[in-house]
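For what it's worth, our numbering labels the leading residue of the sequence shown as 119, then goes sequentially.
Read the structure below first, then the notes.
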Amino acid sequence: MKETTVNLSDHTELFRAIYNRVENTPLSATLLGIFHALYQIDPYNNQSETIWTLIERLSQEAVGGNSDSEKLLSKCKAERSQYHDKEIQTDDSEKFVCKLQRHNIVCRGGTNAPPPPPPPPPLPTSPITPSVHVIPPPPPPLQKSGAAPLPPPPPPVPPTPTSSSQAGVQVASISPCPPISPKCLPAAPLPPPLSPGAGFYIPSPSSLKHVRSPRSPNSPIQNRPKTHFQIPNGQVTSTANLLSPVAPVPPPSPGLPFTTQPSTSSIPGINTPDPNCKMKTLSWNKIPQFALSDSSVWGDVLKMKDDINVEYKRLEEWFSQKVNNKKEENADDKTLRRLSSNTEITLLDPKRSMNVNIFLKQLRKPNEEVIELIKKGDARAFGVEKLKGLLKILPQPDEVELIQSYEGDIEKLGPAEKFYQQLLQVKAFKLRLEAMLLRVDFNSQIGAIRPNIQILNSVCRKLYDNPSLKSFLRLVLHAGNFINKGSSAGNAIGFRIGSLNKLVMMKSSVPRMTLLHHLVEEAERQHKDALTFVDDLLELLQKASRFTLEGLIAEFTQVKSNVQRLKFQTEQADKEVQEQFLDFMEEVEGDVGDLEEGIDRVKKLASRLAVHFCENENSFKFDEFLDTFREFCEKVKSCQQDLENRKEQEEKAEMRRKAHEEMIGKRKSAPIHGSDVKPEDRKIVDNLVNEIRRGKVLRRLSLRKANQDKSELVSAKSADS
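Quick look at the structure:
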């Protein structure tokens, strides 16, 4: 007889054991239907935990002997609706937060004491089990009865151990067997319900006794392989000694609180008593149940013991809400109370709420008008910057869940919460804002891309076919081969474009003159159009140096992906959004296609340039290639200016030289013209010089002045008389 052992806490092995029990039986179709229903439960849904809890409760009560299925289903439906409706009467904000914090509670207890640990589900019973052993102490006597057979059992739930000594119960896998007649299944009276403190009872090996039930001698159950329970002390006993057709232990009494373990983790929660008064609300963001794992920090925290005891009474004294006494109030008291009742409820983080409120004030519009403009898709009413700001303050997923779960008075919410609450009523609000931003900003985006594509296109074409450039490159190659004659660098058939900037580094014996100066001078002297390529390329190359082809492609790719994403989302949105933005999206997609064709042309021209100038295609960098040509053209332009200045200086020097020579010639010809002076004139001059040397001229002047003074004095006296 084949015997296998299965760990009761292992989901996979337990599933195989259940499947082996119903394989090749009519119950396999029922099990498959149950699995189909369970597969449709979304673990990320807010109600998923409630659904799993009700399914577990329903299965436990069904196994517990409740034969009235319709009554049982209506009871579970009532409990599920009670999960939504039943709560402690507090103000709106406290009611909201308390509801968010309630995950594992289905039925609330009537006492304030901390709830005791829930009793584990009973061991599954089966109408096809050949032998039984009653576990609860003391085992009730068996009675034969013609009672109706029990329904097929659901998948057994692993019991919650009440102590460390009860952990690790394992079950052997059960092979399938055909169903037997209900007449062979005796019934037994129900055992008394478990007390609130009762735990899961594990019988000792010595207390296990076989209790046989009457069956047909030809029943196929006799040939069924045995399965075993592995008790923590290492001893094994057959399932034939543990399973019984009698009614199992009923579920706990209605007065006991009903809790379940998380479906994703076996970590116990923290039990706290109910406060005796209304408490204030602690705002925090709870970690969802599916995010909890045994290796997380909260998994370690929940496994720890309380090293520091929580003073519940002090918490109630310090953080309880103030209770207003119902007394007769005058008009002033009513006014004050009305003002105090208008306290805003803030659900968001304080800093987040402040940022949202600051931006809403910058809009200078009421929330209703802002929401209406978003519905209409009026992008011009906002502008680019304000639309970008709106996208930055959109609610995050946890904030959306927080706002949607609020069921209190909306008028008591803060401005940021009210705006979020109204915004969430707009279908596809984020898609609308992104489409509005694209509508007002798309022209500027393509306006920065399209001219750059045209610049690169023109530069590539002028570089590819430019006779003036080719003529100058021929001059450079010829002069370079002459200079390098007889060396390894000579006899070249061409050179890399990067070598053009090395021409200015080769100095000549003439001050401030290089090889490039010489070549430019020769080109201008022999052919007036030899340097026209500089005027054709320099301006375009300077414009192209302000951006790169890689950056242009990255910018275009971002615009294209944004347009494609918004167009796809618009096609999936409702009819109202499609009417507002779908035509615009199709028009924008056409413009994006034109830009893509332009970029493809530039890429092809860049590849042709690499081949045309004999550059390595693998290491060719188009942006560096253009930058090299820009520097070369700027240096040629600088050489032209230097040569022009040098020519002007030489002309001025030549003019000064000629003027100096004329002056020297005039000086040499001056003595020849001196022979025309008359002898009388030369004698008068000589006599005057001699008199000056002797002082006669000075004495004559002094005597003449004295005689003049005397004559003036005589004339004055005669006039007086």
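Even for Gly, the Cβ is constructed at its ideal location relative to N, Cα and C.
Remember, it's a predicted structure, so these values are computed and weren't measured experimentally.
Alpha carbon to alpha carbon, how far is residue i from residue j?
i: L591; j: T632; result: 17 angstroms
i: E749; j: N619; result: 7 angstroms
i: N125; j: L149; result: 21 angstroms
i: I671; j: K506; result: 23 angstroms
i: I810; j: K765; result: 57 angstroms
i: Y137; j: R175; result: 21 angstroms
i: D424; j: Y430; result: 14 angstroms
i: E529; j: K536; result: 8 angstroms
i: D527; j: D712; result: 53 angstroms
i: R643; j: L593; result: 13 angstroms
i: T399; j: P386; result: 24 angstroms
i: Q572; j: K721; result: 13 angstroms
i: L659; j: V754; result: 14 angstroms
i: T675; j: V710; result: 10 angstroms
i: A290; j: V419; result: Reliability of the predicted coordinates at A290 is poor, the pLDDT of 38 falling under 50, and the value obtained from them is presented with this limitation in mind. C-alpha separation (whole angstroms): 34 angstroms.
i: L542; j: W170; result: 29 angstroms
i: K396; j: I388; result: 20 angstroms
i: I489; j: Q540; result: 7 angstroms
i: A610; j: F600; result: 10 angstroms
i: V518; j: A546; result: 13 angstroms
i: W436; j: F477; result: 36 angstroms
i: V415; j: L132; result: 29 angstroms
i: G417; j: I405; result: 12 angstroms
i: M624; j: N602; result: 13 angstroms
i: L481; j: L556; result: 19 angstroms
i: E141; j: Y538; result: 53 angstroms
i: S127; j: N427; result: 32 angstroms
i: K421; j: D412; result: 9 angstroms
i: T168; j: D701; result: 45 angstroms
i: G669; j: E715; result: 17 angstroms
By DSSP's criteria, residue i is part of a beta bridge. Which residues make up the other side?
i: T632; result: K625
i: L655; result: Paired residue(s): none; L655 is not in a bridge.
i: S414; result: The partner list for S414 (beta bridge, DSSP) is empty, contrary to what the question assumes.
i: S438; result: M397
i: L581; result: Its beta-bridge partners do not exist; DSSP assigns none.
i: L853; result: Not covered by the structure: residue 853. The range shown for the chain is 119 to 839.
Tell me which residues share the same chain as residue i and place their Cβ nearer than 6 angstroms to its Cβ, disregarding the 5 neighbours each side in the sequence.
i: R614; result: none
i: V677; result: Q563
i: V558; result: A497, V502
i: G616; result: T746
i: L531; result: I463
i: P629; result: none
i: F500; result: none
Can you round the beta-carbon distance between residue i and residue j to whole angstroms, since I take them to be within the 8 angstroms contact cut?
i: P533; j: N473; result: Going by Cβ atoms, the distance from P533 to N473 rounds to 12 angstroms, so no, they are not a contact pair.
i: Q759; j: V638; result: Q759 to V638, Cβ: 10 angstroms. No contact.
i: V544; j: K510; result: So it is not a contact: roughly 17 angstroms between Cβ atoms.
i: H636; j: S626; result: 7 angstroms
i: Q178; j: G495; result: About 54 angstroms separates the two Cβ atoms, so there is no contact after all.
i: V681; j: T688; result: About 10 angstroms separates the two Cβ atoms, so there is no contact after all.
i: I159; j: S166; result: 6 angstroms
i: D741; j: L649; result: Their Cβ separation, rounded to whole angstroms, is 25 angstroms, which puts D741 and L649 out of contact at 8 angstroms.
i: I567; j: E673; result: 6 angstroms
i: L508; j: L551; result: 6 angstroms
i: G598; j: C732; result: Not a contact, Cβ separation roughly 16 angstroms.
CB-CB under 8 angstroms to residue i, same chain, minus the five flanking residues each way: which ones, in chain order?
i: E735; result: S725, A728, V729
i: F704; result: It should be pointed out that residue 704 corresponds to Glu in this sequence rather than to Phe. Excluding residues within five positions, the ones whose Cβ falls inside 8 angstroms are K685.
i: R579; result: L723
Suppose the cutoff is 7 angstroms on Cβ atoms and the five residues either side in sequence are ignored; what does the same chain contact list for residue i look like?
i: P161; result: F408
i: R470; result: none
i: C751; result: V652, L655, L656, L659
i: L574; result: A662, L667, V720
i: A155; result: none
Determine, using beta carbons only, whether residue i comes closer than 7 angstroms to chain B.
i: L556; result: In the structure shown, chain B cannot be found, because there is only a single protein chain.
Query raised in the report: Are the stretch 579-597 and the stretch 651-660 in contact at 8 angstroms, needing three or more beta carbon pairs?
Result: yes
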